[in-house]
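> The working numbering numbers the first residue of the sequence shown as 110 and each following residue consecutively. Note that CB positions come from ideal geometry on N, CA and C, so glycine has one too.
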Amino acid sequence: MARTELGELQISLYTYLRHLNQQGLDDQYEGELFYRMLDNFRTNAPLGIDKLIDKGAQVKTSTMVLPKILQLYVNGSKIFGEYGDPWDSGIGINW
110 MARTELGELQ ISLYTYLRHL NQQGLDDQYE GELFYRMLDN FRTNAPLGID KLIDKGAQVK
170 TSTMVLPKIL QLYVNGSKIF GEYGDPWDSG IGINW
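1) Is the stretch 174–189 touching the stretch 121–132 in the sense that three or more CB pairs, one from each, lie closer than 8 Å?
2) Report whether the distance from the Cβ of V168 to the nearest heavy atom of the ligand ZN is below 7 Å.
3) Output yes or no for whether 8 Å exceeds the beta carbon distance between L167 and I202.
4) Do D159 and R145 come within 8 Å of each other at the CB atom, strictly closer than that value?
5) Tell me the rounded alpha-carbon separation between V183 and S198.
6) Sort out for me which residues DSSP pairs I162 with in a bridge.
7) So what's R112 in DSSP terms, helix, strand or just coil?
8) May I have the straight-line CA-CA distance separating L147 from E117, to the nearest angstrom?
9) For K187, which of helix, strand or coil comes out of DSSP?
Printed below as a string of structure tokens:
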């Protein structure tokens, strides 16, 4: 079976990011929406598709458990695409 080689493509990415951090509080909130389109594929063989489009969202929040010493955060994201709807989440600390 011959391999299809991708020589070039065009990526269009549009994002909207919103961040909230109130003065005097140790909490932060962040959200992001995105739209991505891949098209204008240049290949050595037909792909059977003209473009790929996915949309997604990501949220993050954090708080200072011990001010100026220990930060706790959680995050999550979700992608809605033509080839699946993956997601992820996480939790962590910064010191």
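The answer reads as follows:
1) no
2) Absence of the ligand ZN from the depicted structure is noted, as is the absence of any ligand whatsoever, leaving it without description.
3) In the sequence as displayed, the identity of residue 167 is Gln instead of Leu. No, the pair does not count as a contact, with Cβ atoms beyond the cut-off.
4) no
5) 7 Å
6) M146
7) coil
8) 10 Å
9) strand
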